[in-house]
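Chains as they are written, first to last, in the working numbering: chain A, 65 to 383; chain B, 93 to 540.
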């Protein structure tokens, strides 16, 4: 024992203290080890994802209100689902959401791909420009919402002054956030400003994954730049573009923070996206059962659409 | 590789064991007595911090404060109460919360405590007792001590009103002297007169009014017009019967008048204004008139740019049917989930003291105690004291039902849709509101 090195002594002591544990671990199979590793994740997943989901589904069939736990819970069947699906206000919120999602995704995809195409040309200082372009997406949506509120301020906001400079209209003659026609576009502009860089980044990865030799072969075949774009660049970058569309579509379908800070859903209900309606029902009115049903409807909608889209994406990838 | 993985498993187990052991041994609780008071983050809260130092000096109980901006105040503290949180020992909760907080067991009922300590509700202004303490309303069931009296009032630019050019132009246009408006019609004239006018080379606007959509803003604003035009929440003889009261022809006119004021006489971009936006507009010299709660008036009076001789105050003017104003303010309650209820009650007892109430008013809080308000010197104790007293005599409050948040949301939506978003007519907005409110009460099991 005296001849043992310090580290050996420590190991020896550890083995001496808990020989049973060590022996048991040494005897574990690979499969058992794998289960040991994934069990905490599965437990966590069950606790914070699956159980709440199942609980939400249960609550959506009841009259439960989280702020009135002492009131007996009554089983209502599909009443909430029927009430939500026939409520014109809910459909109005879904229309607002659809307007927001479609326009932001379309504009961000076009601009993002365009920017990626330009950045991919590797001009002088392109690294610096890439960093500058990426800055908006690094900001917190709360910060973005707040400072765009100031930018849109009709009397002192920079946005109105820029528009006034180019159009000749008085800066205070229009209000982006208080006008029913302009406010849906005001939130589209802010989201586009913030998230176009994200789309650009994904598209850039797609463009950089296209091997140079394909373009070289096309050059040999005397294919024009236009033809190269349509026959090589776009088809090969398409899976990446579609991925960006999927990510932005899902994100914007559940958009809450930025819109809430910019307009609070107003003027009136002009920019009340589905998430704002849901939040009001769940945490202001405390209609827990009702809002659970609405949350499930939104979940099924986004999950269903995403699934269809992923199938399309896989088809494109397998081409 | 397998050996490395096994070592990793042992390490993970050790870490997990450490967590388990750690979770079992909670740190020793602090033994010093400290209670937490929750309220909104605004000027009177600072006055309360100052005032509470006397309580700590007298009782040895430390005070902690949790102040949340108004826009998140209801969300934050109603979440806290609904989740049975013990963050707040004392809460100065909004008047409309009282029904829900009482029925859901979130506030401690104070009747026995008041009786034991000789605290009488007769010593407080009746409107504040009904508004801040009682549930059900007009019954002797007390859940709070009236703490902060408040109502909606108006400020105006006294210095602009005193300008000879303004006086001359106003008289030429309206055939009368410019002065504090006595009616809502006069108020609109003044707002219209200043709208777009140049004062000292700067374009100014008529009035800043409440138009906020997200929480309670536009409801707190439009109510001042609706009440004056004859709006009633329900039939005084038949509770919850709202047809012909909420959507009466006169109430419709009131809603139209509010929209008129918004359209003609507010600064550009005022489509989502509440208390802080109103203060900004007034302090920056943008508007001649400002609708806001009295709680802000001490701070405005002290403002170096627009305070002092430059500012004047007036009560909500009369309408064709009545002269009333929206109640603000809050009572102080003990949270039933608090572990320091004895100390919290001790604070309430101390706060109810006559000298404390006097100091509360002197520091910038609005006492509800008759000993302060009925003192002959009170009307002259501040430039807005007389108006405050008058306003507290004509206050009306929103529903204080347990479902108040839903009722409020419905009004926010209907009114904002009509006033700001130009959706439908005033009649449609109020008819829709009756429909919404009926549905909410029906869900609550009310019969009407």
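Using N, Cα and C, we set each Cβ at its ideal position, and we do this for glycine too. It should be emphasised that the depicted structure is a prediction, and the values quoted were computed from it without experimental measurement.
Chain-ordered neighbours of residue i on chain B, where CB pairs are closer than 7 Å
i: residue 132 of chain A; result: 196
i: residue 383 of chain A; result: Within chain B, no residue comes near residue 383 of chain A; the closest Cβ sits about 39 Å away, beyond 7 Å.
Best match in the options for proximity to residue i [C-alpha to C-alpha]
i: residue 353 of chain A; options: A/140, A/251 and A/163; result: A/140
i: residue 134 of chain B; options: B/456, B/328, B/508 and B/282; result: B/456
i: residue 205 of chain B; options: B/509, B/442 and B/404; result: B/442
i: residue 432 of chain B; options: B/138, B/153 and B/262; result: B/153
i: residue 175 of chain A; options: A/239, A/260 and A/149; result: A/260
i: residue 257 of chain A; options: A/162, A/209, A/310 and A/344; result: A/209
i: residue 425 of chain B; options: B/125, B/165, B/193 and B/275; result: B/193
i: residue 461 of chain B; options: B/239, B/168 and B/181; result: B/239
i: residue 156 of chain A; options: A/329, A/357 and A/360; result: A/329
i: residue 411 of chain B; options: B/129, B/300 and B/322; result: B/322
i: residue 148 of chain A; options: A/286, A/92, A/360 and A/112; result: A/360
i: residue 297 of chain A; options: A/181, A/159, A/153 and A/131; result: A/181
i: residue 533 of chain B; options: B/333, B/452, B/507 and B/521; result: B/333
C-alpha gap between residue i and residue j, whole angstroms
i: residue 273 of chain A; j: residue 252 of chain A; result: 30 Å
i: residue 224 of chain B; j: residue 353 of chain B; result: 31 Å
i: residue 366 of chain A; j: residue 308 of chain A; result: 16 Å
i: residue 138 of chain A; j: residue 125 of chain A; result: 9 Å
i: residue 251 of chain B; j: residue 313 of chain B; result: 25 Å
i: residue 270 of chain A; j: residue 244 of chain A; result: 39 Å
i: residue 95 of chain B; j: residue 100 of chain A; result: The pLDDT assigned to residue 95 of chain B is 48, lower than 50, so where the model puts this residue is not dependable; a value taken from the coordinates is nonetheless given after this. In a straight line, the C-alpha of residue 95 of chain B is about 15 Å away from that of residue 100 of chain A.
i: residue 539 of chain B; j: residue 527 of chain B; result: 14 Å
i: residue 178 of chain B; j: residue 347 of chain B; result: 41 Å
i: residue 367 of chain B; j: residue 379 of chain B; result: 14 Å
i: residue 117 of chain B; j: residue 370 of chain B; result: Any reading at residue 117 of chain B needs caution, since the residue's pLDDT is 36, under 50, leaving its predicted position unreliable; the model's value is listed next. If you take the alpha carbons of residue 117 of chain B and residue 370 of chain B, they lie about 51 Å apart.
i: residue 499 of chain B; j: residue 292 of chain B; result: 45 Å
i: residue 284 of chain B; j: residue 297 of chain B; result: 8 Å
i: residue 398 of chain B; j: residue 512 of chain B; result: 28 Å
i: residue 185 of chain A; j: residue 279 of chain A; result: 13 Å
i: residue 401 of chain B; j: residue 325 of chain B; result: 39 Å
i: residue 373 of chain A; j: residue 268 of chain A; result: 21 Å
i: residue 119 of chain B; j: residue 94 of chain A; result: With a pLDDT of 34 at residue 119 of chain B, under the threshold of 50, the modelled position of this residue cannot be trusted, and the question is left open.
i: residue 123 of chain A; j: residue 129 of chain A; result: 9 Å
i: residue 157 of chain B; j: residue 430 of chain B; result: 14 Å
i: residue 23 of chain A; j: residue 116 of chain A; result: Lying before the first or after the last residue shown, residue 23 of chain A is absent from chain A, which here runs from 65 to 383.
Neighbour-count burial assignment, residue i, 16 or more Cβ in a 10 Å radius
i: residue 266 of chain A; result: buried
i: residue 350 of chain A; result: buried
i: residue 327 of chain A; result: buried
i: residue 435 of chain B; result: buried
i: residue 137 of chain B; result: buried
i: residue 192 of chain A; result: exposed
i: residue 222 of chain A; result: exposed
i: residue 382 of chain A; result: exposed
i: residue 506 of chain B; result: buried
Partner residues on chain A for residue i, Cβ-Cβ distance less than 8 Å
i: residue 305 of chain B; result: 327, 328, 329, 330, 331 and 332
i: residue 171 of chain B; result: 347
i: residue 497 of chain B; result: 348, 349 and 350
i: residue 233 of chain B; result: Under the 8 Å cutoff, chain A gives no residues; its nearest Cβ is about 18 Å from residue 233 of chain B.
i: residue 167 of chain B; result: 347 and 348
Residue span of the beta strand (DSSP E) that contains residue i, given as start and end
i: residue 380 of chain B; result: 379-385
i: residue 130 of chain B; result: 126-132
i: residue 159 of chain B; result: 154-160
i: residue 238 of chain B; result: 237-240
i: residue 245 of chain B; result: 244-249
i: residue 252 of chain A; result: Note, residue 252 of chain A: premise wrong, no beta strand (DSSP E); alpha helix (DSSP H) at 247-272.
For residue i, the first and last residue of its enclosing alpha helix (DSSP H)
i: residue 94 of chain A; result: 94-109
i: residue 423 of chain B; result: Counting along the chain, residue 423 of chain B falls outside any alpha helix (DSSP H), though it belongs to the beta strand (DSSP E) covering 422-426.
i: residue 300 of chain B; result: No alpha helix (DSSP H) holds residue 300 of chain B; the beta strand (DSSP E) holding it covers 297-300.
i: residue 453 of chain B; result: 446-455
Per-residue contacts from residue i into chain A (C-beta, under 9 Å)
i: residue 192 of chain B; result: 131, 132 and 350
i: residue 359 of chain B; result: 218, 219 and 236
Residue i CB to nearest heavy atom of the ligand GTP below 6 Å
i: residue 380 of chain B; result: Among the components modelled here there is no ligand, and therefore nothing to report on the ligand GTP.
9 Å Cβ cut-off: residues of chain B touching residue i
i: residue 107 of chain A; result: The premise fails here: residue 107 of chain A is roughly 11 Å from chain B at the closest Cβ pair, so nothing lies under 9 Å.
i: residue 241 of chain A; result: 361, 363 and 364
i: residue 244 of chain A; result: 512, 513, 514 and 515
Neighbouring residues, chain B, relative to residue i (Cβ below 8 Å)
i: residue 178 of chain A; result: Here the premise fails: no neighbours, minimum Cβ distance about 32 Å.
i: residue 344 of chain A; result: 501
Contact set between residue i and chain A, taken where Cβ atoms lie within less than 7 Å
i: residue 384 of chain B; result: Ordered by position in chain A, no residue passes the 7 Å Cβ test against residue 384 of chain B, which lies about 19 Å from the chain.
i: residue 201 of chain B; result: Those do not exist, as residue 201 of chain B stays about 15 Å from chain A at its closest Cβ, beyond 7 Å.
Chain-ordered neighbours of residue i on chain E, where CB pairs are closer than 9 Å
i: residue 164 of chain A; result: Among the protein chains of the structure shown, namely A and B, there is no chain E.
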